[in-house]
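J.: Starting off with a structure, shown below.
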Amino acid sequence: MRFEDVSLRYGAGPEILRHVDFHLEPGSFHFMAGPSGAGKSSLLKLMYLAQRPSDGGIQMFGRDVAGLSRGDAALMRRRIGVVFQDFRLLDHLSALENVALPLRIGGQRADKVRKHVAELLAWVGLADHLHALPQTLSGGQQQRVAIARAVVARPNLLLADEPTGNVDDRIAVRLLYLFEELNKLGTTVVIATHNETLVSRFSHPVLRLTAGEIKLSRSPAMSPAMTGSRPTKGSAA
Amino acid sequence: MLLRRTDLPLDRDASGRFLPWLVAVMVYLAALALICAIGANKVVTRWDQGLAGRMTVQVPTSEEEGDDRADEVLAALQAIPGVRSAETLGTEEIARLLEPWLGTGAAYQDLPMPTLIAVRIDRAAPPDMTQMRRRLTQIAPGTVLDDHQSWLGKLLDLARSVQLVAALVVGLVGASAVTMVIFATRMGLSVHGRVIELLHLVGAQDSYVASQFQAHALRLALRGGVLGLLMAVLTVLLVANLLGQSDAVALPDLSLLPIEWSLLPLLPLVVALIAMVTARLTVLRTLGRMP
Ligand SMILES: Nc1ncnc2c1ncn2[C@@H]1O[C@H](COP(=O)(O)OP(=O)(O)OP(=O)(O)O)[C@@H](O)[C@H]1O
Ligand SMILES: [Mg+2]
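Read top to bottom, the protein sequences are chains P and Z. The working numbering numbers the first residue of the first sequence as 45 and each following residue consecutively. The working numbering numbers the first residue of the second sequence as 44 and each following residue consecutively.
Here it is, written out as structure tokens:
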């Protein structure tokens with residue numbers, strides 16, 4: 045994934061992101077930290093193709109996103125798992141059905157999918173809530189359903205927006221282990237959070253976003269192009 | 044537990060609730076129009092076949108010469124080559140023909156009635172009509188030859204207009220079905236905007252969304268279409284039953300042949316297919332316009 049001098053403004057509003065320039069190695073694991081309103085969610089939106097930059101170029105999986113057709117963008121999104129800050133669960137579907145959604149859209153058969161989905165939900169501690177509708181679940185439980193949905197299709201890129209905001213620290217650490225497991229299998233992970241204590245418990249590099257500008261700390265895997273640091277492993281994502 | 048087949052809760056919203064009823068009304072109208080068109084066609088054929096090779100000759104009665112002139116006309120007719128038979132209709136027969144208009148037991152004898160001669164013509168070698176007319180008017184001036192062509196022509200015109208109206212109704216029904224489905228689909232797209240957005244975000248293509256809308260439209264239209272067809276069939280049976288009781292012979296025959304009955308179910312099927320394709324294209328077009 046490569047961002048080249050990307051800027052973003054909503055409509056005629058102020059610039060939310062200013063000349064953001066970086067690239068992430070495939071298989072890397074990053075936190076993205078920054079105060080509320082810094083533009084973390086906006087930057088993630090650009091990554092999962094829900095928003096086009098007002099300026100600059102974005103490459104994902106080696107392709108320029110500006111030239112993607114709707115169909116190609118859909119196929120690319122199947123390689124990206126997203127945990128939305130507001131979960132975005134479909135409230136007429138059970139936890140099981142919500143988690144199975146990416147697999148179904150990917151064309152997998154329902155009967156094959158079920159066992160895998162149930163296991164994953166058990167892993168995030170929701171074995172007893174497979175058939176519960178989202179509105180009957182607590183905030184933390186909904187968040188875990190959202191996380192299960194994001195990882196179920198083994199995406200190449202996982203983007204999580206404040207994925208531990210509604211759970212206690214014990215569960216938060218457990219969920220981060222899940223992300224690390226996924227990362228070990230090759231998934232590139234970006235986790236936006238303002239929970240600094242959580243960030244400090246792991247040794248992953250942190251993208252710091254302040255007032256629309258990005259800075260890297262503790263970075264082995266990220267190379268802001270402006271500062272000219274070198275990529276560490278593999279080729280550019 | 045089985046996983047649900049659709050992700051969009053289309054069954055629950057109001058956008059499609061009116062659709063089956065409107066489709067029912069439209070299929071009802073279209074079915075009636077088609078039945079009338081078929082009926083009109085039949086009336087024409089029946090009269091055409093019934094009147095083919097027949098002619099009526101009216102000889103006015105005159106006070107002085109009485110029936111003699113009519114007898115002369117009859118004899119002359121029988122002598123013309125190409126005329127297979129000619130016979131004077133008796134008073135009873137005329138009375139029977141006039142009964143529907145005048146009622147039973149009317150005093151026909153007091154009316155100045157022309158003599159009617161029913162003529163059958165050899166259709167293979169028909170006589171020359173102008174010559175025949177000239178010959179007969181020589182014998183009895185005022186004689187009228189009616190080969191029923193003008194009556195048939197008018198009937199045909201009527202049937203054609205009925206069929207034209209029927210075609211118009213069917214066309215309008217098709218057009219409004221399309222309009223309604225477009226409207227309902229657009230409404231559904233905006234009602235479920237959030238869900239559709241999420242489906243896109245987890246990698247759904249437009250066709251994935253479209254297939255759910257099209258299946259929904261197909262189901263709704265089929266349901267309404269079958270209802271409309273049933274109502275139309277009931278109406279026809281009811282009307283046919285009423286007509287049968289009043290034995291008005293001149294009225295069209297609404298009873299359909301088995302083959303015509305078996306064509307009717309095509310109507311809701313075709314409407315449902317139109318609805319399905321329309322829904323699909325509407326979704327693809329609307330979503331395709333998004334960035
Ligand atoms: N759809 C939008 N239209 C207009 N402005 C927006 C939109 N989304 C976000 N913004 C603005 O962009 C800025 C950054 O928002 P963003 O959600 O990216 O912040 P964030 O870092 O995720 O904050 P938080 O930690 O509270 O989630 C905010 O000032 C917000 O008002
Ligand atoms: Mg945010």
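We treat Cβ as the ideally placed atom computed from N, Cα and C, and that holds for glycine. No experiment lies behind these values; they were computed from the predicted model shown.
#1: In chain P, which residues lie less than 7 Å from His-243/Z when you measure between Cβ atoms?
#2: Of all the options Leu-273/Z, Gly-271/Z, Val-313/Z and Gln-255/Z, which has the alpha carbon lying nearest to the alpha carbon of Thr-325/Z?
#3: Check the DSSP bridge columns for Leu-36/P and list the partner residues they point to.
#4: When you compare each of Leu-165/P, Leu-93/P, Leu-260/P and Leu-61/P to Met-120/P by their alpha carbons, which one comes out closest?
#5: Counting only C-beta atoms, is Gly-331/Z closer than 8 Å to chain P at any point?
#6: Shorter than 8 Å from the beta carbon of Tyr-221/P to some beta carbon of chain Z?
#7: If you draw a straight line from the C-alpha of Ala-57/Z to the C-alpha of Gln-103/P, how long is it?
#8: Taking only three categories from DSSP, how would you classify Ala-190/P?
#9: Let me know if Ile-124/P comes out buried or exposed under the rule of 16 or more other beta-carbons within 10 Å of its beta-carbon.
#10: In terms of alpha-carbon separation, which member of Leu-202/P, Glu-240/P and Gly-209/P lies closest to Phe-73/P?
#11: Can you tell me which of the three DSSP states Arg-122/P falls into?
#12: Is it the case that the CB of Gly-183/P approaches a heavy atom of ligand 1 more closely than 7 Å?
#13: Please report how far the alpha carbon of Val-276/Z lies from the alpha carbon of Leu-312/Z, in whole angstroms.
#14: Rounded to the nearest angstrom, what separates Gly-78/P and Glu-225/P at their Cα positions?
#15: For His-63/P, is the beta carbon positioned less than 7 Å from some heavy atom of ligand 1?
#16: Please tell me whether, using a cut-off of 7 Å, the distance from the CB of Gln-129/P to the nearest non-hydrogen atom of ligand 1 is below it.
#17: With 8 Å set as the bound, which would you pick, yes or no: does the beta-carbon of Arg-50/Z sit closer than that to a beta-carbon of chain P?
#18: By how many angstroms is the C-alpha of Leu-137/P removed from the C-alpha of Asp-213/P?
#19: Suppose you measure from the CA of Pro-170/Z to the CA of Leu-265/Z; what does that come to, to the nearest Å?
#20: Does the Cβ of Lys-197/Z have 16 or more other Cβ atoms within 10 Å, making it buried, or fewer, making it exposed?
#21: With ligand 4 as the reference, list in chain order each residue whose Cβ lies under 5 Å from any of its heavy atoms.
#22: Is His-160/P helix, strand or coil when you go by DSSP?
#23: Taking C-alpha atoms, which residue in Leu-285/Z, Gly-271/Z, Ala-315/Z and Ile-317/Z lies nearest to Ala-74/Z?
#24: So does Glu-240/P have its beta carbon nearer than 7 Å to some heavy atom of ligand 2?
#25: Could you tell me the distance, in whole angstroms, from the CA atom of Gly-231/Z to the CA atom of Leu-170/P?
#26: Helix, strand or coil: how does DSSP classify Ile-149/P here?
#27: To which residues of the same chain is Glu-206/P closer than 7 Å at the C-beta, ignoring the five residues directly before and after it?
#28: Inspect the beta-carbon positions of Ala-119/Z and Thr-158/Z and report whether they are closer than 8 Å.
#29: Can you confirm whether the region 197-206 of chain Z touches the region 83-94 of chain Z when touching is taken to mean that 3 or more C-beta pairs between the two stretches lie within less than 8 Å?
#30: Considering only C-alpha positions, which residue in the set Leu-77/Z, Asp-50/Z, Gly-59/Z and Tyr-71/Z is nearest to Leu-306/Z?
#31: Can you tell me which residues form a DSSP beta bridge with Leu-61/P?
#32: Please compile the residues from chain Z whose C-beta is within a distance smaller than 7 Å of the C-beta of Tyr-92/P.
#33: Just list the residues that DSSP pairs Glu-115/Z with in beta bridges.
#34: Please state whether DSSP places Val-292/Z in a helix, a strand or coil.
#35: Please look up how many angstroms separate the CB atoms of Leu-134/P and Leu-253/P, rounded, as I've assumed it's under 8 Å.
#36: Does ligand 2 have even one heavy atom less than 7 Å from the beta-carbon of Asp-205/P?
T.: In this structure, then:
#1: Near His-243/Z (Cβ distances below 7 Å), the residues of chain P are Ala-118.
#2: Of Leu-273/Z, Gly-271/Z, Val-313/Z and Gln-255/Z, the residue nearest in Cα terms is Gln-255/Z.
#3: Nothing about residue 36/P can be read from this structure; chain P reaches only from 45 to 281.
#4: Of the listed residues, the one whose Cα sits closest to Met-120/P is Leu-93/P.
#5: Chain P contact via Cβ: present.
#6: Taking Cβ atoms only, chain Z never reaches closer than 8 Å to Tyr-221/P, which makes this a no.
#7: Spanning the two alpha carbons is a distance of roughly 42 Å.
#8: Looking at Ala-190/P - three-state DSSP - the assignment turns out to be helix.
#9: So Ile-124/P counts as buried.
#10: Nearest Cα to Phe-73/P within the set Leu-202/P, Glu-240/P and Gly-209/P: Leu-202/P.
#11: Coil.
#12: Gly-183/P: no, Cβ never under 7 Å from ligand 1.
#13: Inter-residue distance for Val-276/Z and Leu-312/Z is about 16 Å (C-alpha atoms, whole angstroms).
#14: About 25 Å.
#15: Placement of the Cβ of His-63/P at a distance of 7 Å or more from every heavy atom of ligand 1 is found.
#16: Correct: Gln-129/P has its Cβ closer than 7 Å to ligand 1.
#17: Note that residue 50/Z is Asp in the sequence shown, not Arg. It does: the Cβ of Asp-50/Z has a partner Cβ on chain P nearer than 8 Å.
#18: Approximately 28 Å between the Cα atoms of the pair.
#19: The alpha-carbon atoms of Pro-170/Z and Leu-265/Z are separated by roughly 58 Å.
#20: Classification for Lys-197/Z: exposed.
#21: For the structure depicted, ligand 4 is absent and the ligand set comprises only ligand 1 and ligand 2.
#22: In the three-state reduction of the DSSP assignment, His-160/P falls in the helix class.
#23: Minimum Cα-Cα distance from Ala-74/Z among the listed residues Leu-285/Z, Gly-271/Z, Ala-315/Z and Ile-317/Z corresponds to Gly-271/Z.
#24: The answer is no for Glu-240/P.
#25: So the two alpha carbons sit approximately 33 Å from each other.
#26: In this structure, Ile-149/P counts as helix in the three-state DSSP scheme.
#27: Sequence-distant Cβ neighbours of Glu-206/P in its own chain, meaning closer than 7 Å and more than five residues away, are Gln-129, Ala-236 and Thr-237.
#28: Taking C-beta atoms as the reference points, Ala-119/Z and Thr-158/Z fail to come closer than 8 Å.
#29: Contact between the region 83-94 of chain Z and the region 197-206 of chain Z is present, because at least three Cβ pairs lie under 8 Å.
#30: Leu-306/Z has its Cα closest to that of Leu-77/Z, out of Leu-77/Z, Asp-50/Z, Gly-59/Z and Tyr-71/Z.
#31: Leu-52/P.
#32: Annotation: Cβ neighbours of Tyr-92/P in chain Z (cutoff 7 Å, chain order): Leu-244.
#33: Answer is none; Glu-115/Z lacks a bridge partner.
#34: The pLDDT assigned to Val-292/Z is 47, lower than 50, so where the model puts this residue is not dependable, and the model offers no usable value.
#35: Their Cβ separation, rounded to whole angstroms, is 30 Å, which puts Leu-134/P and Leu-253/P out of contact at 8 Å.
#36: Distance from the C-beta of Asp-205/P to the nearest heavy atom of ligand 2 is below 7 Å.
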